[in-house]
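Reviewing the structure listed below.
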Amino acid sequence: MLDSTMIELSRWQFASTALYHFIFVPLTLGMVWILVIMESVYVMTGREIYRDMTKFWGKLFGINFALGVTTGLTMEFQFGTNWSYYSHYVGDVFGAPLAIEGLMAFFLESTFIGLFFLGWERLTKVQHLTVTFLMALGSNLSALWILIANGWMQNPVGSEFSYETMRMEMTSFGELLLNPVAQVKFVHTVAAGYVTASMFVLGISSYYMLKGRDLASAKRSFSVAVGFGLASILSVILLGDESGYEVGDVQKTKLAAIEAEWETEPPPAAFTLIGFPDNEAQETHGAVKVPYLLGLIATRSLDTPVTGLKDLILQHEQRIRSGMIAYHYLERLRGGQDTDANRAVFEDHRQDLGYGLLLKAYTADPAQATEEQIKQAARDSIPQVAPLFWSFRVMVAAGAWMLVLMVLGFYYNAKRVIEHKRWLLRLFLFSIPVPWIAVETGWFVAEFGRQPWAIGEVLPTAIAASSLTVADLVISLTAFGVFYSVLLAIGLYLMFKFARLGPSSLHTGRYHREHPLTAGTATLANQPQRQSD
Amino acid sequence: MIIDYETLKLLWWVLVGILFIGFAVTDGMDMGVGMLLPFLGKKDIERRVIINTVGPHWDGNQVWLITAAGAIFAAWPLVYASAFSGFYFAMLLALFGLFFRPVGFDYRSKIEDPRWRNSWDWGLFIGGLVPALIFGVAFGNLLQGVPFHLDTLLRPYYTGSFFGLLWSREHGPFALLAGLISVAMLAMHGAIWLQLRTAEPISTRAKGAARVWGLVTIIAFGLAGVWLVFGIEGYRVVSMPALDAMPNPLTKEVVREAGAWLANYQTYPASIAFPVLGFVGLGLAVVLSILDRPGAGLVLSSLGITGIIMTAGAAMFPFIMPSSTNPNSSLIVWDAVSSHLTLSIMFWAAMIFVPIIIGYTTWTYTKMWRRVTVEEIESQEHLAY
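Listed in order, the protein sequences are those of chains R and A. Going by the numbering used here, the first residue of the first sequence is number 1, and it counts up by one from there. Going by the numbering used here, the first residue of the second sequence is number 1001, and it counts up by one from there.
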């Protein structure tokens, strides 16, 4: 049995480094397309202001991207360093999309990003735009492969356990790719990234408009981002990943936990708007319910029931008992008694082996677990409800808030009066953190809601970790804490500095505080810089 | 096309080798440049010249490392699991070293303060030196055997210590010597690159560095060879299931014996070509650098690096990670691998994408090819790294 404190610390390390990495990823996913749009306008119209916008927003993108690469390295190392049994147990399936991500996507993105920054003088306009586009394509393909890997953790299709090799093995690459959970996750996640980048550009552009500076580029940036952002937030909300909660037991459990649905209600189930879920008492205190709504959202039908947590726990208990038999026969098969009879029993219970392994958190030998241990494992087979319930609601509220802002922003921008709506510009500026609240709580719902599983119904988190000590984890967690805090401070410092400088950071002599009448007279003539003021 | 399991297992050994060589030749060069940066660049503008020779390429080059690690995860899951968790603090040290590079390259010249820039320069130095050293040390440990074992459910347990990786009770500092080879060969490789891509006075300094580090590499490589022949016991598979069997690392018998690492060279004398390529490649690279032919020198140093990596690989084949405490737990190319289907899909993915990657990477090098000069950086002060 692994030390439970060590496992807790390993989870803290993975969660904190992943959440930290995910500060930078969504902005990258969206910024690349905003840069592609801006540069396309430049190439089509030849107006230099769009090239300068591409370069300026590119600088902010670069500050973010460097931290994204830095923290992404951790993710790749960490499966091996801290989750070695996981790596062995599922590497055959999970490793493949990660490796293909490197070959197909990350190479593309990383090779062209260097030319995006440093190739302006050495490439033709069309070549440079192609470079920007390939960088954008690469980063979004990266997200696709990562989410195929992650979708498999939630709903492990296209694979089966082999007792000879003592691991999960791939049986169908096609099923892995077309995993419905992976598909909806991809759309939901990249669209959330597009919203994040839009809110970022909108907030900073609003700042320039409020200050009355760099209006030409601020208004153009605002226009690009508000259109892109409105389309994206609509996709996030309309194509939200609820539909992915129908498949697989883990997703069903997650849904019931998000909604604090303890009992299975006659369909369509009521939706709990707010309340205080309590895992011990298995009920939600002070719940405010809206009739029928949950059934409609979750199943998109009037007659499909949403299974409640208490029923799920009962189902899980049955599967744990079956899993004990699977574990017992697995030991026989691996211990040299590889007979047809043993194999037949094992095959009958193989799909419940993961549930048997849940007992490993309570006893060294799941086959000999006591009645109390079985009950305990069943109770722990659902995640903590309250944090999921609340994070999900925070995510949805943040999404709704951004939708309202985007609609207003789009409307006033289309009427060409946005610069005079100072109250709205202020709201945009102060809402810059909102998309991050949404994506981080969204990540938390997806991954914390997967517990107690590392791989749904296959591998419990409690046995997935490496055989390390608490001291090992304390040292590494402290080192990450120190390093990442310093990096965040540096990244934010640069981000604020360059956002304040604005396009003047390009030193073209055409922007705010650069004395346009003296420094940039020659080039100012063909610039629409001050015309639209 | 269906390739049989046995052949695929072998092909994946070759492919992982290619990915590591790809990493050493491309990003290893960037690491060498990082190590030399504070010494070859006397003034800020000179350091910017040095950084900008690799500026457009280092990020793409680094993906060789990321893909190599990803390929090990997918093709040799037990190796990925055992090595990364066993070498826990060494791996984290390499990781923290690597942290300095993305931010170092991008942030360094964004602020003019000399302390800021100087700090990042030393960050890039660490980002080159530490990972190069650790990867070399890791190779050394593979050659001397790693204290780990697997239980019946194939969970790996590492029983050594962090300092044991550097200085083993049995073999002393052999692994550190391997680390020195790694550092010195990448420093030489980076120096030749700088000789090719910078102008006076940096190129002359780079030439001097190439000579020094080239000689260090040759001497250290020779020493390690002697040490390996006389002081390090190798491992040999006594019996194992058929080569195309379901992979299970607990079904074979392995012994540790003197001279086992030389067995492949005796059985296949042609493989002597690898150490020869190492020595000749490095030697000619130094000579060409001295003769002011850094372009050809770079090709030869790439071949020399290939030779050095292949020398270790060929000595150990079919071992990937031998266990010193429980030799039967050793991980070898026949039993630490993924399933037939996964190896097959990954093989074709590599066959399709590696040529495409080499194609567009070459295009980016061609587009950015020039000697980077002080004048150029001054004229693009706010655009260049």
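We treat Cβ as the ideally placed atom computed from N, Cα and C, and that holds for glycine.
Taking its Cβ as the centre, do 16 or more other Cβ atoms sit within 10 Å of residue i, making it buried, or is it exposed?
i	result
residue 1075 of chain A	buried
residue 526 of chain R	Note that residue 526 of chain R scores a pLDDT of 42, beneath 50, so its modelled location is shaky and nothing firm can be said.
residue 1266 of chain A	exposed
residue 1198 of chain A	buried
residue 314 of chain R	exposed
residue 1224 of chain A	buried
residue 20 of chain R	buried
residue 1051 of chain A	buried
residue 1163 of chain A	exposed
residue 225 of chain R	buried
residue 70 of chain R	buried
residue 531 of chain R	Caution applies to residue 531 of chain R, whose pLDDT of 37 falls short of 50 and renders its modelled position unreliable; the value that the coordinates give is listed next. Classification of residue 531 of chain R: exposed, given that the 10 Å Cβ count is below 16.
residue 74 of chain R	buried
residue 288 of chain R	exposed
residue 1276 of chain A	exposed
residue 1007 of chain A	exposed
residue 204 of chain R	buried
residue 1311 of chain A	buried
Return the residue from the list the options that minimises the CA-CA distance to residue i.
i	options	result
residue 1038 of chain A	A:1126, A:1028 and A:1090	A:1126
residue 534 of chain R	R:320, R:330 and R:342	There is no way to answer for residue 534 of chain R, as the model of chain R reaches only from 1 to 533.
residue 1144 of chain A	A:1124, A:1241 and A:1176	A:1176
residue 106 of chain R	R:9, R:76, R:131 and R:139	R:139
residue 551 of chain R	R:360, R:251, R:207 and R:389	This structure gives no information on residue 551 of chain R, because the portion of chain R shown stretches from 1 to 533.
residue 399 of chain R	R:344, R:237, R:305 and R:459	R:237
residue 261 of chain R	R:390, R:310 and R:9	R:310
residue 355 of chain R	R:452, R:420, R:212 and R:123	R:452
residue 567 of chain R	R:113, R:211 and R:280	Missing from the structure shown is residue 567 of chain R; chain R here goes from 1 to 533 and no further.
residue 163 of chain R	R:466, R:434, R:326 and R:502	R:326
residue 1233 of chain A	A:1222, A:1181, A:1046 and A:1254	A:1254
residue 1012 of chain A	A:1337, A:1096 and A:1291	A:1337
residue 202 of chain R	R:126, R:111, R:186 and R:427	R:427
residue 230 of chain R	R:414, R:248, R:57 and R:179	R:414
residue 1378 of chain A	A:1109, A:1367 and A:1054	A:1109
residue 41 of chain R	R:472, R:217 and R:514	R:217
residue 292 of chain R	R:26, R:273, R:23 and R:280	R:273
residue 1188 of chain A	A:1005, A:1095, A:1360 and A:1290	A:1290
Provide the residue(s) that pair with residue i in DSSP beta bridges, ordered along the chain.
i	result
residue 1258 of chain A	A:1233
residue 167 of chain R	R:162
residue 1158 of chain A	A:1148
residue 272 of chain R	R:289
residue 455 of chain R	R:459
residue 1331 of chain A	A:1321
residue 1249 of chain A	Answer by DSSP bridge pairing: none, since residue 1249 of chain A is not bridged.
residue 277 of chain R	R:284
residue 1168 of chain A	A:1172
May I ask you to check if the CB of residue i is nearer than 7 Å to at least one heavy atom of the ligand HEM?
i	result
residue 1360 of chain A	For the structure depicted, the ligand HEM is absent and the ligand set is empty, with no information on it obtainable.
Tell me, please, whether the stretch 1018-1028 of chain A touches the stretch 1059-1072 of chain A by the rule of three or more beta-carbon pairs shorter than 8 Å.
yes
When you check each C-beta in the stretch 160-192 of chain R against every C-beta of chain A, which residues fall closer than 9 Å?
Taking 9 Å as the upper bound on Cβ-Cβ separation, chain A lies near residues 162, 164, 165, 166, 167, 169, 170, 171, 172 and 173 of the stretch 160-192 of chain R.
Chain R contacts made by the stretch 1143-1155 of chain A, where a contact means CB separation under 8 Å:
1152, 1153, 1154 and 1155
Which residues of the stretch 1043-1059 of chain A have a Cβ closer than 8 Å to any Cβ of chain R? Give them in chain order.
1052, 1055, 1056, 1057, 1058 and 1059
Contacting positions in the stretch 322-346 of chain R - beta carbon closer than 9 Å to chain A
330, 331, 334 and 335
Give me the subset of the stretch 70-84 of chain R whose CB atoms are less than 9 Å from a CB atom of chain A, sorted by chain position.
70, 71, 72, 73, 74, 76, 77, 78, 79, 80, 81, 82, 83 and 84
Going along the chain, which residues of the stretch 108-126 of chain R sit with their C-beta nearer than 8 Å to a C-beta in chain A?
108, 110, 111, 112, 113, 114, 115, 117, 118, 119, 120, 121, 122 and 123
So if I threshold CB-CB distances at 9 Å, which residues from the stretch 1251-1283 of chain A count as touching chain R?
none
Touching or not, the stretch 291-311 of chain R and the stretch 256-270 of chain R, by the rule of three or more beta carbon pairs under 8 Å?
yes
Any C-beta of chain R within less than 7 Å: which residues of the stretch 1101-1119 of chain A qualify?
1102, 1103, 1106, 1107 and 1110
To be precise: take each residue of the stretch 1364-1377 of chain A, compare its Cβ to all Cβ atoms of chain R, and keep it if any distance is under 7 Å. Which residues remain?
1364, 1367 and 1368
Closer than 8 Å between beta carbons: that is the criterion. Which residues of the stretch 1214-1231 of chain A meet it against chain R?
The stretch 1214-1231 of chain A vs chain R, Cβ under 8 Å: nothing.
Can you pull out the residues from the stretch 436-468 of chain R whose beta carbon lies closer than 7 Å to at least one beta carbon of chain A?
466, 467 and 468
The stretch 1112-1119 of chain A contacting the stretch 1128-1138 of chain A, beta-carbon criterion three pairs below 8 Å:
no
In the stretch 1165-1199 of chain A, which residues sit with their C-beta less than 8 Å from some C-beta in chain R, listed in chain order?
none
Counting Cβ pairs, one atom from each stretch, are 3 or more of them under 8 Å apart for the stretch 1080-1092 of chain A and the stretch 77-90 of chain R?
yes
With 8 Å as the C-beta to C-beta threshold (strictly closer), list the residues of the stretch 469-481 of chain R near chain A in chain order.
472, 475, 476 and 479
Any chance the stretch 92-99 of chain R sits against the stretch 167-176 of chain R, with 3 or more Cβ pairs inside 8 Å?
yes
Give the residues from the stretch 1317-1328 of chain A that approach chain R closer than 8 Å (Cβ to any Cβ), ordered along the chain.
none
Interfacial residues, the stretch 84-95 of chain R to chain A, with Cβ spacing under 9 Å:
84, 85, 86, 87, 88, 89, 90, 91, 92, 93, 94 and 95
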